[in-house]
Structure formats: C-alpha cells, structure tokens
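Presented below is the structure to which this report refers.
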Amino acid sequence: MKKFFYSFTFAFLMAILFTGVSFAQDTTPPTDDEVNAIASQLYCPVCESTPLDVCPTEACKDWREQIRVMLSEGKSEEEILKYFEAQYGARVLAEPPKKGFYWLIYLLPPAIILLGAVILLRSMKQWTTKPVAESTGTGEVGGDSSPAKDDYVARLEEELKKQK
Amino acid sequence: MTEETTNIKRGVPVWAQVTIWTFLVGLLALVGFGLNRARNPMAEIGEPVPDFDIVYYEGYEYKDKTQMKLSDLQGKVVVINIWASWCKPCEQEAAELEEAWQFYKDADDVVFIGVDYVDTPAGANEYLTKFNITFPNAPDLQSTISSILNRQMGVPETYIIDREGVLRHVKIGPFVSVDEIKSAIQSIE
C-alpha cells in the first residue's frame, strides 16, 4: 500500500512538473529566428521578389508580426504558410505549390536538360564520326582527296592562272 | 581520282529538330494559355470599368450588404480609394476622405468605397479605427480589384466612376484637401 502511495505521489508530481513545463513553453514568445524561419519561405506580397525575412518595408514588418502572432497562438509552420497562400495567393510562396500549372516549374527544367543532353550526345557522336574513304585505285587514302575537294582545287588553280 | 566517299550528313538530325520544335510550340501554347487565364480586364479612362466583386470588411458594409458587384452601384458616382495601413501617404488623405464622405453620404448619390490593398487584418482594423473611417471598405489582398482598376504607381490611388460605370478620373497619390476631392467629384457630375 505504501509502495502504491509513493508511486502515485511520484506520478502526480511528475505530471504537475511536465504540465508546468508545457505551460511555460506555450507562453514563451516566438523568437525572431523562429519568425524568420517561416518568413524566409515567403515573399513580400507588395515588393515582389523580396523574401519576407529581409524585406525592410512597413508592410513586411506587419506580416512578420502576423507570423509572430500566429506562432504564439500555437499555429504550425504549415498552417501559417497555408494562411498566407489563401490570403495573398500562391505568388507569396518561395517554393511554389506542387499543383496545377506550378508543376511546370518542377518538370520543365529537368526535361529541358535531359532533352538537351540527348541531342548533344547524339550530335557529338555524329561530329566525331569521320568520313570513310574507300580507295578503289591508285589515289591517296584519306579524307582529303574527295572529288569535291579536287574540283575545288582545280577551280582554284584555274582562277590563279587567270590572275597571272 | 577514283575514290568514293560515304556521304555523311552533318547538323541536327531530323528527329531532334521535330522534337525541339514540338517541344517549343507546346511550351509556347502552355505559356499563352496560362497568361490568358491570369489576365484581368483593365479599366481605362473614358471606358466602362470591368465588373468585379466587392466583399466588405465586417462593420464597413454598404447598406448592410456584405458583398456586391461594382455594377450594382450603377446610377451613382463611385469613388474608389485604394489604400493600405502600411502606406504613410495614405494617412495624409484619410481624414479628408472621411470628411468628404460625411458631406455626400446623406444624398446617397455618391458612394465612397475604400479598397485595402494587400494588407493584414490587424493593420487594416487599426487604420480604420485610428482615422474614424465610416465609409464602406473592402480588402483586396490578392490585388484583384487594383489590377482591374489598372493601379499605376502604388497607393494611395483614387478612381472616380460616373453613373454609367465609366471611369472618369484617376488621382495618383493623396488628395491634399476636401475641396480637391469635391472638385474631382463635381467635375464628372
């Protein structure tokens, strides 16, 4: 019975202690780092292309304050980001949502790189293939004695003779 | 010279050309479709203003209507003032706008609507309370209304629409006096 009493008392005290810790954590105001961790995932809705955590305008101060208030209300990072998206549109998200047309942002760059690589590889393969000359007589063997080049040399010599 | 040389074609192969062109045309079509979808009609001076929805802030409704369309106000002169709580120049004209509203509101012929451009609810509430604003006010968090009105510089900007719904006057920056607001309204009445 005594053992049970001590165990119960211990459990009760621990429960009070941890509840106290939990309350203490809940009342701690969010730090600037916590606010900026979320703000860095958002863009200023007014001055475009400026991350919210570094934007110096009054408007951005208000939005950072909004994040602080929401954090102190116990809202999670995901909830805050969803709130901002719902209020101001997906344009404020640093990482566009993976839905609808936004998929293009994720799919197009790798697709373009892949396509470019395939074309480059195929083209390089062709560029490095040298023309093969099949010798059937007494002429030189190699790429320099093609009929087209012979014609060109003959025409060049003829032109040179005319110049003289 | 009796040599034969195999004929090797140089340049981009046909299959690659077809792929590239198909890809580019597809991409352009997608971009065009996306831009067309995102495009809002825009107001021009002397032209009818494209219709849009107005959802009022609680406590700042128009005759107890929480939401309406701009076209519902045809037959009245509509003064739309775009502002934001973070906008310092907006504060310069806030009191003047409220005073002008007090002058016109009983005649029910001129309607003032404040459009709060990309703001926080707390900031908006503080601003409206601070300047004792009583005329109808609505948020424009996603810049839908300000895009349709063709907002040009920033905030504040004020647009005056005549009884037929045609945009007649645009004021960029704050009004400096109540008289300036009245003369802008009278110029189209």
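Protein chains in written order, with the numbering used here: chain A, 1 to 164; chain B, 1001 to 1189. Ideal Cβ positions, reconstructed from N, Cα and C, are used throughout, including at glycine.
- Note down, one range per segment and in chain order, each alpha helix (DSSP H) of at least 4 residues found wholly within the segment 1136-1177 of chain B. 1144-1148
- If the cut is a Cβ gap below 7 Å, which residues of chain A does Val1023 of chain B touch? The sequence as given places Phe at residue 1023 of chain B; Val does not occur at that position. Those within 7 Å of Phe1023 of chain B in chain A are Leu115.
- Per DSSP, what kind of secondary structure is Leu52 of chain A in: helix, strand or coil? coil
- Range of the contiguous beta strand (DSSP E) that encloses Phe1112 of chain B: Val1110 to Tyr1117
- Who pairs with Gln1092 of chain B in a beta bridge, going by DSSP? In DSSP, Gln1092 of chain B forms no bridge with anything.
- Message: Please identify the residue among B:Glu1047, B:Tyr1057, B:Ile1020 and B:Tyr1127 whose C-alpha is closest to the C-alpha of Ile1148 of chain B.
- Response: B:Glu1047
- Using a beta-carbon distance below 9 Å, is Pro1013 of chain B in contact with chain D? Here chain D cannot be found, since the structure's protein chains are A and B.
- Buried or exposed: which applies to Arg91 of chain A, given that a residue is buried once 16 or more other Cβ atoms fall within 10 Å of its Cβ? exposed
- Query: When the cut-off is 9 Å and only beta carbons count, does Lys1130 of chain B lie next to chain A?
  - Reply: no
- Just to confirm, are Val1110 of chain B and Lys1076 of chain B a CB contact at a threshold of 9 Å? yes
- Query: Which bits of chain A does Ala1016 of chain B rub up against, with CB to CB less than 7 Å?
  - Reply: Ile119 and Arg122
- What number of angstroms, rounded off, separates the C-alpha of Met1042 of chain B from the C-alpha of Val1170 of chain B? 14 Å
- Please classify Ala154 of chain A: is it buried, with 16 or more other beta-carbons within 10 angstroms of its beta-carbon, or exposed? exposed
- Other residues of its chain near Lys98 of chain A: CB distance less than 7 Å, five sequence neighbours each side excluded: Tyr106
- Leaving out the 5 sequence neighbours to the left and right, which residues in its chain are closer than 8 Å to Thr51 of chain A when beta-carbon positions are compared? Looking at the sequence itself, residue 51 of chain A is Pro, so the reference to Thr does not match. Closer than 8 Å at Cβ, skipping near neighbours: Ala39, Ser40, Leu42, Tyr43, Cys44 and Ala94.
- Task: Quick one: measure Cβ to Cβ for Pro1139 of chain B and Tyr1062 of chain B, integer angstroms, because I've assumed they're closer than 8 Å.
- Result: The pair is not a contact, with the Cβ atoms about 14 Å apart (cut-off 8 Å).
- Integer Cβ distance of Glu1099 of chain B from Val1155 of chain B, believed to fall under 8 Å: No, Glu1099 of chain B and Val1155 of chain B are not in contact; Cβ-Cβ is about 20 Å, not under 8 Å.
- DSSP bridge partner residues for Pro1048 of chain B (one or two, in chain order): B:Val1166
- Query: Pick from A:Pro110, A:Glu77, A:Val118 and A:Phe101: whose alpha carbon is nearest that of Leu1037 of chain B?
  - Reply: Here residue 1037 of chain B is Arg; the residue named in the question, Leu, does not match the sequence. If we check each option's Cα against that of Arg1037 of chain B, A:Phe101 comes out closest.
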